[in-house]
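Participant: Structure below; questions to follow.
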Amino acid sequence: MRVQLFEEHNAKKNALSLFLITLLFCFIGGHLRFPQELSLFWPVNAIVAGVMVRHPFLHQTRYYLACFAAMVFNDSVFSGWALPAFTLNFANILFILVAVTLLVKHLQHDSSSERINSVLRIFPACLLAGLACASWGALAQQADFDGGLVTAWGEWFSEQFSTGLMLLPFLLTRDWASLSPRQLLQLRKLAPLIAVIFSLVMGAMMGGAGSLTFPVPALVWCAIVLPMPLTSLVILLTGITEIILVSHGVMNIQGDDNLLPISHLTSARLGVATIAISPLIVAASMDAIRQLNQRLALRANYDFLTQLLSRSGLYESLRTEPFTPQRKAGVILLDVDYFKAINDNFGHDAGDSVLEEIARRMQRVVGNEGHICRFGGEEFVVVLFDQNPEKLYFLAETIRQRMAKEKFWIQGGTVTVTVSLGLAYDSGGDAGEWHRVINRLISAADKNLYLSKRNGRNQTSPANQRILTSDVA
Numbered sequence: 007m008r009v010q011l012f013e014e015h016n017a018k019k020n021a022l023s024l025f026l027i028t029l030l031f032c033f034i035g036g037h038l039r040f041p042q043e044l045s046l047f048w049p050v051n052a053i054v055a056g057v058m059v060r061h062p063f064l065h066q067t068r069y070y071l072a073c074f075a076a077m078v079f080n081d082s083v084f085s086g087w088a089l090p091a092f093t094l095n096f097a098n099i100l101f102i103l104v105a106v107t108l109l110v111k112h113l114q115h116d117s118s119s120e121r122i123n124s125v126l127r128i129f130p131a132c133l134l135a136g137l138a139c140a141s142w143g144a145l146a147q148q149a150d151f152d153g154g155l156v157t158a159w160g161e162w163f164s165e166q167f168s169t170g171l172m173l174l175p176f177l178l179t180r181d182w183a184s185l186s187p188r189q190l191l192q193l194r195k196l197a198p199l200i201a202v203i204f205s206l207v208m209g210a211m212m213g214g215a216g217s218l219t220f221p222v223p224a225l226v227w228c229a230i231v232l233p234m235p236l237t238s239l240v241i242l243l244t245g246i247t248e249i250i251l252v253s254h255g256v257m258n259i260q261g262d263d264n265l266l267p268i269s270h271l272t273s274a275r276l277g278v279a280t281i282a283i284s285p286l287i288v289a290a291s292m293d294a295i296r297q298l299n300q301r302l303a304l305r306a307n308y309d310f311l312t313q314l315l316s317r318s319g320l321y322e323s324l325r326t327e328p329f330t331p332q333r334k335a336g337v338i339l340l341d342v343d344y345f346k347a348i349n350d351n352f353g354h355d356a357g358d359s360v361l362e363e364i365a366r367r368m369q370r371v372v373g374n375e376g377h378i379c380r381f382g383g384e385e386f387v388v389v390l391f392d393q394n395p396e397k398l399y400f401l402a403e404t405i406r407q408r409m410a411k412e413k414f415w416i417q418g419g420t421v422t423v424t425v426s427l428g429l430a431y432d433s434g435g436d437a438g439e440w441h442r443v444i445n446r447l448i449s450a451a452d453k454n455l456y457l458s459k460r461n462g463r464n465q466t467s468p469a470n471q472r473i474l475t476s477d478v479a
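Under the working numbering, read the sequence shown as residues 7 to 479, first letter to last.
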């Protein structure tokens with residue numbers, strides 16, 4: 007059972023959920039305090055910002071107050087702070103407020119055309135939110151803990167900026183349901199993950215100012231091969247790993263600077279933040295390309311008017327059908343009787359509505375038993391497998407009667423529309439592929455369709471099942 011934490015018109019539930027989420031991640035962040043009073047990671051700001059962007063109705067003063075109350079409660083109870091709990095946590099609220107304000111109007115539509123712009127917006131949003139948070143937090147920390155202003159500002163900004171830039175793309179990705187474990191276990195998709203791990207190990211072993219950038223090629227590889235949700239997760243884990251390695255002295259980046267009093271950890275955070283944006287942009291670009299290709303394939307494989315398979319879509323769908331020489335296939339070829347007269351008397355819009363209604367009626371009759379295709383103009387094809395000739399004829403007659411007995415609405419009036427059908431039936435034989443068999447069957451069905459037309463239309467040929475089974479030989 008899926009638990010819904012937030013409901014637009016349930017303020018009490020929303021405030022309580024936000025309070026508990028904020029309290030949980032404040033508690034986690036408080037136990038990662040390194041060095042001195044600041045945490046190695048402070049994820050709560052980015053997490054709350056991501057939640058509010060995903061649920062825009064939470065972007066209200068009362069919900070910010072609920073988050074602030076949870077932060078103050080956590081520091082008062084678990085850290086023993088009094089006044090600092092109010093002054094320092096106002097900096098956290100500033101980060102959330104600025105980030106949400108900049109992102110909430112632009113990340114609601116998850117179309118591929120907007121996804122690259124959305125990723126690009128995360129960078130300035132985290133930058134401005136980090137600047138606002140660090141400016142207040144450094145002043146408050148200096149007043150409460152007598153720390154160096156520049157050093158404190160660098161630690162605040164680098165932590166907030168890097169954590170936000172790593173977490174927000176991961177939190178705002180909406181495609182997790184589309185992933186399947188079978189897809190992720192393919193060697194082609196495991197290879198870039200192995201490359202990321204290898205590059206991290208090499209960076210830790212070699213050290214130096216460039217060691218943080220070692221995973222960049224592997225991350226770009228991930229962005230090209232893996233879907234966007236998984237890429238954002240890999241970037242997040244890579245950034246966290248690098249910061250931990252630097253903080254524990256495993257990765258020596260030699261970041262001392264005589265001009266600015268920044269620590270190795272601050273330098274590493276800023277480096278990780280700037281490194282993360284490149285593979286994110288590549289991932290968003292590849293995701294947009296994949297979606298565009300899917301839409302192009304959909305347009306190529308489906309008829310725009312009737313939403314049935316197109317001719318190319320029919321042959322593409324046949325690739326998924328298992329082929330054996332003994333397996334039977336049947337084809338129903340349908341043509342609308344006197345369709346030119348409908349277009350001439352009522353117009354092409356009326357003709358299109360007739361084709362749409364014919365497609366709907368065919369779908370109701372055939373269901374999932376066969377492949378239905380608009381073969382061209384007013385011709386339709388139904389391909390069925392593992393059916394006997396009697397069932398093929400029965401299905402064709404059901405379609406024909408469904409058209410003839412139920413009149414069509416055209417321009418406010420009713421019109422009788424009939425169809426003629428031709429059938430063909432055979433086994434796979436030695437063709438090797440279904441598209442060859444179906445092409446042969448369609449040719450045979452077309453001849454039988456001509457018989458239906460010549461003999462007066464509104465009928466199915468052949469009616470004799472013995473002729474049907476031998477007609478394709």
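Yeah, the Cβ is synthetic: ideal placement off N, Cα and C, and Gly gets one too.
(1) Report all residues from its chain with a CB closer than 8 Å to the CB of residue 266; omit the five preceding and five following residues, and keep chain order.
(2) For residue 166, count the other beta carbons within 10 Å of its own beta carbon; 16 or more makes it buried, fewer makes it exposed. Which is it?
(3) Measure the C-alpha to C-alpha separation of residue 323 and residue 377 and round it to an integer number of angstroms.
(4) Under the three-state reduction of DSSP, which class applies to residue 316: helix, strand or coil?
(5) In angstroms, rounded to a whole number, what distance separates the CA positions of residue 102 and residue 327?
(6) Measure how close the beta-carbons of residue 459 and residue 426 come, nearest whole angstrom, since I'm counting them as under 8 Å.
(7) Considering Cα atoms alone, identify which of 81, 63, 409, 37 is closest to residue 24.
(8) What span of residues does the beta strand (DSSP E) with residue 428 cover, start to end?
(9) Under a Cβ-count criterion, where at least 16 other Cβ atoms within 10 Å of its own Cβ denotes burial, should residue 26 be classed as buried or exposed?
(10) Tell me the DSSP bridge mates of residue 380?
(11) Tell me which residue opens and which closes the alpha helix (DSSP H) that residue 437 is part of.
(12) Mind checking who residue 334 pairs with in its DSSP beta bridge?
(13) Can you tell me whether residue 219 sits near the ligand ADP, meaning its C-beta is under 7 Å from at least one heavy atom of the ligand?
(14) Here's the rule: buried if 16 or more other CB atoms are within 10 angstroms of the residue's CB, otherwise exposed. What is residue 483?
(15) Check the DSSP bridge columns for residue 420 and list the partner residues they point to.
(16) Report the residue from 104, 252, 82 whose alpha carbon sits nearest the alpha carbon of residue 59.
(17) Going straight from the alpha carbon of residue 51 to that of residue 170, what length do you get?
(18) Taking all protein chains shown into account, decide if residue 67 is buried (16 or more other Cβ within 10 angstroms of its Cβ) or exposed.
(19) Checking the sheet assignment: what are the DSSP bridge partners for residue 94?
(20) Considering just the uninterrupted stretch of the alpha helix (DSSP H) at residue 259, what are its terminal residues?
(21) Write down every uninterrupted run of the alpha helix (DSSP H) in the stretch 14-42 whose length is 4 residues or greater and which is fully enclosed by it, in chain order.
(22) Between the stretch 388-405 and the stretch 367-377, do three or more beta carbon pairs fall short of 8 Å?
(23) Does the distance from the CB of residue 80 to the CB of residue 129 come in under 8 Å?
(24) Is it the case that the stretch 198-213 contacts the stretch 305-318, given that we only count it when at least three CB pairs across the two stretches are under 8 Å?
(25) Whose CA, out of 342, 338, 383, lies closest to the CA of residue 445?
(26) Quick one: measure Cβ to Cβ for residue 72 and residue 21, integer angstroms, because I've assumed they're closer than 8 Å.
(27) May I ask you to verify whether the stretch 389-407 touches the stretch 338-350, counting CB pairs closer than 8 Å and requiring at least 3?
(28) Let me check one thing: in DSSP terms, what residues is residue 308 bridge-paired to?
(29) Could you tell me whether the stretch 346-356 touches the stretch 412-427, using the rule of 3 or more Cβ pairs below 8 Å?
(30) What separation, rounded to the nearest whole angstrom, lies between the Cα atoms of residue 273 and residue 216?
(31) Which same chain residues, not among the five before or five after residue 433, have their C-beta less than 7 Å away from its C-beta?
(32) Among 29, 53, 47, 69, which residue has its Cα nearest to the Cα of residue 18?
(33) Give the straight-line distance between the Cα atoms of residue 12 and residue 35, rounded to the nearest whole angstrom.
(34) Whole angstroms are fine: how far does the CA of residue 282 sit from the CA of residue 227?
(35) Return the Cβ separation of residue 457 and residue 429 in integer angstroms, given the expectation that the two are a contact with Cβ distance under 8 Å.
(36) Residues in the same chain with beta-carbon distance under 8 Å from residue 173, minus the five sequence neighbours each way, listed in chain order, please.
Facilitator: Reading from the atomic positions:
(1) The residue given as residue 266 occupies position 260 in the sequence shown. The predicted position of residue 266 is uncertain, since its pLDDT is 48 and thus under 50; a value taken from the coordinates is nonetheless stated next. Once the five neighbours on either side are set aside, the close Cβ partners of residue 266 are 156, 160.
(2) If you number the sequence shown from 1, residue 166 lands on position 160. With 16 or more other Cβ atoms within 10 Å, it is buried.
(3) By one-based count along the sequence shown, residue 323 stands at place 317. By one-based count along the sequence shown, residue 377 stands at place 371. Spanning the two alpha carbons is a distance of roughly 8 Å.
(4) Residue 316 sits at position 310 when you count from the first residue of the sequence shown. Here residue 316 sits in coil by DSSP.
(5) Translated into the one-based positions of the sequence shown, residue 102 becomes position 96. Translated into the one-based positions of the sequence shown, residue 327 becomes position 321. Near 53 Å, if we compare the C-alpha coordinates of residue 327 and residue 102.
(6) Translated into the one-based positions of the sequence shown, residue 459 becomes position 453. Translated into the one-based positions of the sequence shown, residue 426 becomes position 420. Their Cβ separation, rounded to whole angstroms, is 5 Å, which keeps residue 459 and residue 426 in contact under 8 Å.
(7) Position 18 of the sequence shown, counted from the first residue, corresponds to residue 24. Per the Cα distances, 63.
(8) The residue given as residue 428 occupies position 422 in the sequence shown. Taken as a continuous stretch (DSSP letters only), the beta strand (DSSP E) holding residue 428 covers 425-433.
(9) Walking along the sequence shown from the start, residue 26 turns up at place 20. Exposed, by the Cβ-count rule.
(10) Taking the first residue of the sequence shown as position 1, residue 380 is located at position 374. Under DSSP, residue 380 forms a beta bridge with 386.
(11) Position 431 of the sequence shown, counting from 1, holds the residue named residue 437. It is not in any alpha helix (DSSP H) - residue 437 carries neither H nor E in the DSSP assignment.
(12) Looking up residue 334 in the sequence shown gives position 328. DSSP, once it has assigned bridges, lists 433 as partnering residue 334.
(13) The ligand ADP is not among the ligands present in this structure, which contains no ligands whatsoever.
(14) It is not possible to answer for residue 483, since the shown part of the chain is limited to 7 through 479.
(15) Here residue 420 refers to the residue found at position 414 when the sequence shown is read from its first residue. BP columns for residue 420 point to 415.
(16) Here residue 59 refers to the residue found at position 53 when the sequence shown is read from its first residue. Residue 104 is the option with its Cα nearest to residue 59.
(17) Numbered from 1 along the sequence shown, position 45 holds the residue referred to as residue 51. Numbered from 1 along the sequence shown, position 164 holds the residue referred to as residue 170. One C-alpha to the other measures close to 8 Å.
(18) As a first step, residue 67 is located in the sequence shown; it is residue number 61 there, counting from the start. The residue is exposed, with fewer than 16 neighbouring Cβ atoms inside 10 Å.
(19) The residue you call residue 94 lines up with position 88 of the sequence shown. Looking at the DSSP assignment, residue 94 forms no beta bridge with any residue, so it has no partner.
(20) Along the sequence shown, read from residue 1 onward, the residue named residue 259 stands at position 253. Per DSSP, residue 259 belongs to no alpha helix (DSSP H) and is neither H nor E.
(21) 17-36
(22) yes
(23) Within the sequence shown, the letter at position 74 stands for residue 80. Within the sequence shown, the letter at position 123 stands for residue 129. Not a contact, by the Cβ cut-off of 8 Å.
(24) no
(25) On the sequence shown, residue 445 is found 439 positions in, with the first residue counted as 1. Considering only alpha carbons, the answer is 338.
(26) As a working note, residue 72 is residue 66 in the sequence shown. As a working note, residue 21 is residue 15 in the sequence shown. Indeed, because the Cβ distance is near 4 Å, the residues count as touching under 8 Å.
(27) yes
(28) The sequence position of residue 308 within the sequence shown is 302, counting from 1. BP columns for residue 308 point to 315.
(29) yes
(30) As a working mapping, residue 273 is identified with position 267 in the sequence shown. As a working mapping, residue 216 is identified with position 210 in the sequence shown. For residue 273 and residue 216, the distance between alpha carbons rounds to 12 Å.
(31) Taking the first residue of the sequence shown as position 1, residue 433 is located at position 427. 331, 332, 333, 334, listed in sequence order.
(32) If you number the sequence shown from 1, residue 18 lands on position 12. Among 29, 53, 47, 69, the Cα nearest to that of residue 18 belongs to 69.
(33) Position 6 of the sequence shown, counting from 1, holds the residue named residue 12. Position 29 of the sequence shown, counting from 1, holds the residue named residue 35. About 23 Å.
(34) Walking along the sequence shown from the start, residue 227 turns up at place 221. Walking along the sequence shown from the start, residue 282 turns up at place 276. Cα to Cα, the separation comes out at about 13 Å.
(35) The sequence position of residue 457 within the sequence shown is 451, counting from 1. The sequence position of residue 429 within the sequence shown is 423, counting from 1. At roughly 10 Å, the Cβ-Cβ gap does not stay under 8 Å, so residue 457 and residue 429 are not in contact.
(36) Position 167 of the sequence shown holds residue 173. Within the same chain, residue 173 has close Cβ partners 49, 52, 53, 56, 242.
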